[in-house]
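**Q** One structure is given below, represented as structure tokens, and several questions about it will come after.
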Amino acid sequence: MKRAGNLMAEIADRENLLLAFWKAECGKRAQAETIRFRENLEAELLRLRCKLLEGPLCLGPYRKFTVHDPKERVICAAPFADRVLHHAVMNVCHASFEAYQVHDSYACRVGKGTHKAVERARAFAVRHGHYLKLDVRRYFDTVDHAILKAQLRRRFKDRRLVAILDAIIDSYETAPGKGLPIGNLTSQYFANHYLGALDHFVKETLRCGAYVRYMDDFVLWHDEREQLKTWHGEIAGWLAETLGLAIKPDCLNRCERGMTFLGYRVFPVAVTLARRSRVRFRRKLTAAHRKFVSGEWSEAEAARHVEPLIAFVRHGRSVNMRRKILARL
3 MKRAGNLMAE IADRENLLLA FWKAECGKRA QAETIRFREN LEAELLRLRC KLLEGPLCLG
63 PYRKFTVHDP KERVICAAPF ADRVLHHAVM NVCHASFEAY QVHDSYACRV GKGTHKAVER
123 ARAFAVRHGH YLKLDVRRYF DTVDHAILKA QLRRRFKDRR LVAILDAIID SYETAPGKGL
183 PIGNLTSQYF ANHYLGALDH FVKETLRCGA YVRYMDDFVL WHDEREQLKT WHGEIAGWLA
243 ETLGLAIKPD CLNRCERGMT FLGYRVFPVA VTLARRSRVR FRRKLTAAHR KFVSGEWSEA
303 EAARHVEPLI AFVRHGRSVN MRRKILARL
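Residue 122 in my numbering sits at position 120 of the sequence shown, and the numbers go up by one each step.
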């Protein structure tokens with residue numbers, strides 16, 4: 003595909019920067035740095051425009067905090083002005099990243115998402131006898147900066163844009179030349195694009211027709227167990243040689259026995275909740291109830307936390323579980 007060029011004028015356009023500000027402030031309007039940026043909006047947008055077009059581009063530092071949902075992760079929050087810059091760049095570059103994605107890549111894409119990935123996985127489970135589920139070891143921590151930059155140069159030719167993307171990549175590392183920060187909008191695009199090369203390898207070289215990827219979790223289906231074993235070896239070798247990545251121990255099984263995927267158990271006949279998701283739902287719903295009863299949360303705030311929990315568990319067979327928990331509360 004032809005490389006995209008002459009994008010900087012569109013990225014630095016005031017209307018695009020204003021749209022980026024609106025996106026960046028969603029859910030963060032009460033934060034002090036957001037308020038300061040809003041109070042000096044025109045001056046801040048002009049300053050950002052100058053940085054984009056002329057430099058220098060000084061990023062960071064990140065504010066780091068740890069979450070345990072469901073496993074421990076270190077989240078890196080960029081300064082608000084940097085988040086506006088990230089949105090401004092991706093507003094324009096989104097189409098170029100999207101054009102490289104295959105149909106069955108489901109993370110961080112409009113019209114895709116967890117539920118679509120699970121539905122597609124169940125459809126493949128109906129049609130095939132076995133599945134091979136793989137996961138990249140410490141994915142965000144092991145993305146190679148040099149390989150990612152080379153990939154981006156094959157998509158974009160504007161030198162100033164490439165320099166900005168390089169600066170964003172270089173603003174964080176877990177080891178020399180490695181790692182992406184969890185929490186950045188740009189990291190979602192970079193991480194999805196990095197493994198887009200795997201999608202094309204699986205679909206075009208291995209000729210696997212039944213394949214789903216959600217970020218670094220991916221599954222292949224086939225009727226022959228031996229074919230999946232062969233693919234496993236080829237994928238492991240290709241990932242190590244081409245992207246510098248290692249995969250965790252595989253899960254190879256019959257589809258009728260079910261597969262744990264994205265918080266669900268996927269069977270040919272139904273989708274149920276994984277055990278970890280049931281435990282998480284009980285814990286979070288109980289905590290939200292306590293905070294509402296104690297007055298710490300208003301009804302609106304409690305609803306804002308509970309609604310996504312309900313939406314997630316409703317996608318799996320969970321009516322009886324929800325009734326029992328709600329009755330107990």
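Where is the CB? At the ideal position from N, CA and C, for every residue including glycine.
Is the stretch 159-167 touching the stretch 255-271 in the sense that three or more CB pairs, one from each, lie closer than 8 Å?
**A** No, the stretch 255-271 is not in contact with the stretch 159-167.
**Q** Looking at Lys-293: is its Cβ nearer than 7 Å to the Cβ of Leu-311?
**A** Counting from 1 along the sequence shown, the entry for residue 293 is found at position 291. Counting from 1 along the sequence shown, the entry for residue 311 is found at position 309. Cβ distance not < 7 Å, so Lys-293 and Leu-311 don't count as in contact.
**Q** Select from Leu-245, Ala-272 and Thr-36 the residue whose C-alpha is nearest the C-alpha of His-317.
**A** Locating residue 317 in the sequence shown gives position 315, counting from the first residue. Closest option to His-317, Cα to Cα, is Ala-272.
**Q** Tell me the start and end of each unbroken beta strand (DSSP E) in the stretch 239-312 that is at least 3 residues and wholly inside, in chain order.
**A** Taking only runs of at least 3 residues, the beta strand (DSSP E) segments lying wholly in the stretch 239-312 are 253-256, 261-263, 266-268 and 273-275.
**Q** Any contact of the stretch 120-127 with the stretch 237-256, i.e. 3+ C-beta pairs under 8 Å?
**A** Verdict: no, contact absent.
**Q** When you compare only the Cα positions, how much space is there between Glu-46 and Asp-84?
**A** Taking the sequence shown and counting its residues from 1, one reaches residue 46 at position 44. Taking the sequence shown and counting its residues from 1, one reaches residue 84 at position 82. Approximately 11 Å, taken between the alpha carbons.
**Q** Give the DSSP bridge partners of Ala-6, in chain order.
**A** In the sequence shown, the residue the question calls residue 6 occupies position 4. DSSP output for Ala-6 lists Phe-158 as bridge partner(s).
**Q** Out of Thr-262, Ala-276 and Ile-184, point me to the one whose CA is closest to Lys-66's CA.
**A** The sequence position of residue 66 within the sequence shown is 64, counting from 1. Ranking Thr-262, Ala-276 and Ile-184 by Cα distance to Lys-66 puts Ile-184 first.
**Q** Count the other CB atoms within 10 Å of the CB of His-89; is the residue buried (16 or more) or exposed (fewer)?
**A** Taking the first residue of the sequence shown as 1, we reach residue 89 at position 87. Flag for His-89 reads buried.
**Q** How many whole angstroms separate the CB atoms of Asp-172 and His-147, which I take to be in contact at a CB cut-off of 8 Å?
**A** One-based indexing of the sequence shown puts residue 172 at position 170. One-based indexing of the sequence shown puts residue 147 at position 145. Right, the Cβ-Cβ distance comes to about 7 Å (below 8 Å), so this counts as a contact.
**Q** Identify whether Leu-328 lies in helix, strand or coil by the three-state DSSP scheme.
**A** Mapped onto the sequence shown, residue 328 falls at position 326. In the structure shown, Leu-328 sits in a helix (DSSP, three-state: H, G or I).
**Q** Where does the unbroken beta strand (DSSP E) through Glu-222 begin, and where does it stop?
**A** Sequence index remark: in the sequence shown, residue 222 carries index 220 (1-based). Glu is not the amino acid found at residue 222; the sequence shown has Leu there. Leu-222 -> beta strand (DSSP E) spans 219-224.
**Q** According to the neighbour-count rule (16 or more other Cβ atoms, all chains shown, within 10 Å of its Cβ), is Trp-24 buried or exposed?
**A** As a first step, residue 24 is located in the sequence shown; it is residue number 22 there, counting from the start. Its Cβ having fewer than 16 others within 10 Å, Trp-24 is exposed.
**Q** Who are Arg-122's beta bridge partners in DSSP?
**A** The count along the sequence shown starts at 1 and reaches residue 122 at position 120. In DSSP, Arg-122 forms no bridge with anything.
**Q** Please give me, in chain order, every unbroken run of the alpha helix (DSSP H) with length at least 4 that falls completely inside the stretch 52-102.
**A** List check, alpha helix (DSSP H) in window: 82-102.
**Q** Using 8 Å as the cut-off, can you tell me whether the stretch 177-193 makes contact with the stretch 73-83, which would need three or more C-beta pairs spanning the two stretches below that distance?
**A** Yes, the stretch 177-193 touches the stretch 73-83.
**Q** Just reading off the beta strand (DSSP E) that Arg-215 is part of, what are its end residues?
**A** In the sequence shown, residue 215 corresponds to position 213, counting from 1. Start and end: 213-216.
**Q** Please name the residue, chosen from Val-221, Asp-225 and His-202, that lies closest to Trp-240 on a Cα-to-Cα basis.
**A** Numbered from its first residue, the sequence shown carries residue 240 at position 238. Nearest C-alpha to Trp-240: His-202.
**Q** Please go through the same chain and pick out, in chain order, the residues whose beta-carbon is closer than 7 Å to the beta-carbon of Arg-284, but skip the five residues on each side of it.
**A** The count along the sequence shown starts at 1 and reaches residue 284 at position 282. Closer than 7 Å at Cβ, skipping near neighbours: Ile-327.
**Q** So what does DSSP say about Ala-177, is it helix, strand or coil?
**A** Here the question's residue 177 lines up with position 175 in the sequence shown. If DSSP states are grouped into helix, strand and coil, Ala-177 belongs with the strands.
**Q** Who are Lys-135's beta bridge partners in DSSP?
**A** Numbered from its first residue, the sequence shown carries residue 135 at position 133. Answer by DSSP bridge pairing, in chain order: Val-221 and Cys-253.
**Q** DSSP three-state label for Arg-316, please.
**A** Here residue 316 corresponds to residue number 314 of the sequence shown, with the count starting at 1. Of the three classes helix, strand and coil, the one that applies to Arg-316 here is helix, per DSSP.
**Q** How long is the line joining the alpha carbons of Arg-49 and His-291, rounded to whole angstroms?
**A** Counting from one through the sequence shown, the residue named residue 49 turns up at place 47. Counting from one through the sequence shown, the residue named residue 291 turns up at place 289. Near 45 Å, if we compare the C-alpha coordinates of His-291 and Arg-49.
**Q** Counting only the same chain and skipping the five closest in sequence on each side, list residues whose C-beta sits under 7 Å from that of Gly-131.
**A** Here residue 131 corresponds to residue number 129 of the sequence shown, with the count starting at 1. Within the same chain, Gly-131 has close Cβ partners Asp-225, Arg-256 and Cys-257.
**Q** Where does Val-281 land, buried or exposed, given buried means 16+ other C-beta within 10 angstroms?
**A** Reading the sequence shown from its first residue, position 279 is the one you call residue 281. Classification for Val-281: exposed.
**Q** Taking 8 Å as the cut-off, does the stretch 95-114 touch the stretch 207-221 (at least 3 CB pairs, one atom from each stretch)?
**A** Judged by Cβ distances under 8 Å, the stretch 207-221 makes contact with the stretch 95-114, as three or more pairs qualify.
**Q** Rounding to the nearest angstrom, what Cα-Cα distance links Ala-242 and Val-138 in this structure?
**A** Taking the sequence shown and counting its residues from 1, one reaches residue 242 at position 240. Taking the sequence shown and counting its residues from 1, one reaches residue 138 at position 136. Spanning the two alpha carbons is a distance of roughly 11 Å.
**Q** Name the DSSP bridge partner or partners of Ser-339?
**A** Nothing can be reported for residue 339: it is not among the residues displayed for the chain, which extend from 3 to 331.
**Q** Would DSSP call Asp-15 helix, strand or coil?
**A** Sequence index remark: in the sequence shown, residue 15 carries index 13 (1-based). DSSP places Asp-15 in coil when its eight states are reduced to three.
**Q** According to the Cβ coordinates, are Phe-192 and Leu-150 closer than 7 Å?
**A** The residue labelled residue 192 in the question sits at position 190 within the sequence shown. The residue labelled residue 150 in the question sits at position 148 within the sequence shown. Yes, the pair counts as a contact, with Cβ atoms nearer than the cut-off.
**Q** Kindly give me the distance between the Cβ atoms of Met-10 and Leu-55, rounded to whole angstroms, as I take these residues to be in contact under 8 Å.
**A** Start at 1 with the first residue of the sequence shown, and residue 10 comes out as number 8. Start at 1 with the first residue of the sequence shown, and residue 55 comes out as number 53. With 8 Å as the limit, Met-10 and Leu-55 qualify as a contact, their Cβ atoms being about 7 Å apart.
**Q** Which residue wins for smallest C-alpha separation from Met-92, given the options Ala-276, Trp-233, Leu-19 and Val-145?
**A** Taking the first residue of the sequence shown as 1, we reach residue 92 at position 90. Of the listed residues, the one whose Cα sits closest to Met-92 is Leu-19.
**Q** For Arg-5 and Leu-197, I'd like the C-alpha separation in whole angstroms.
**A** For the purposes of this step, residue 5 is taken as residue 3 along the sequence shown, with counting starting at 1. For the purposes of this step, residue 197 is taken as residue 195 along the sequence shown, with counting starting at 1. Each residue's Cα considered, the two are about 19 Å apart.
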